[in-house]
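In this note's numbering, each residue's number is its place in the sequence shown (first place is 1) plus 13. This report concerns only the one structure given below.
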Amino acid sequence: MKEKKQYSRREFIGKYFYTGSLLLGGGILLSCTSVKSVAAGTPQPGPGENNQVRQDSIKKESDTNPKGQAVQEKNPCDDLTGVSAEELEKRKKLAYVNKTPIPDSHCSNCTLYIPPAKDKPCGGCMLFKGPVRKEGYCAYWAPITN
């Protein structure tokens, strides 16, 4: 007859912590890669989407001038002339982007967003200085709670 192998409490706890450590490490690794992609400005596909190029990211021929250079429309929210180098670095560390890669998470529905004044086109943020677009996003986005 075969004997049943009995596990000791020590073996059970050891396997439990080993498995938990692997799952925690994998979760941290996955979360770091998604924050890096937000910082780089590469949108991640949402549920049900695939990795195909979106139509709005393709440049049209009408978006270029006769010399073949892209035409840039001036937006006052892109003007960072009065912002210090430290604040620009802070924006980069917080992974701020002008257009959110996550449809329902944008600056205008963030707790930290400061709405624009009546005579200003851009808002602000409690975390860093400088203009902030309402359709922007950063890694510290926090939903507005009532």
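Note that CB positions come from ideal geometry on N, CA and C, so glycine has one too.
First through last residue of the alpha helix (DSSP H) which encompasses residue i
i, result
"R146", "From DSSP, R146 is part of no alpha helix (DSSP H); its letter is neither H nor E."
"L101", "A98 to K106"
Nearest-angstrom Cα separation, counted from residue j out to residue i
i, j, result
"R22", "Y29", "10 Å"
"K142", "E24", "53 Å"
"S118", "V145", "14 Å"
"I127", "S121", "8 Å"
"K105", "Y31", "36 Å"
"S44", "K147", "25 Å"
"E102", "N159", "32 Å"
"Y153", "I115", "13 Å"
"A98", "S34", "39 Å"
"G27", "L42", "23 Å"
"K18", "G40", "33 Å"
"P129", "L36", "43 Å"
"K133", "M139", "17 Å"
Collapsed DSSP secondary structure at residue i in the structure displayed
i, result
"G40", "helix"
"C138", "strand"
Sheet register partners of residue i (DSSP bridge)
i, result
"P156", "C123"
Residues near residue i by beta carbon distance below 7 Å, same chain, minus five either side
i, result
"D92", "P144"
"T113", "H119, E148, G149 and Y150"
"V96", "K142 and G143"
"E100", "F141, K142 and G143"
Own chain residues within Cβ distance below 6 Å of residue i, not counting five before or after
i, result
"C151", "L107, A108 and Y109"
"G137", "I127 and V145"
"C90", "C135, P144 and R146"
"Y20", "none"
Contact set for residue i: own chain, Cβ-Cβ below 8 Å, skip 5 residues either direction
i, result
"P156", "S118, N122, C123 and T124"
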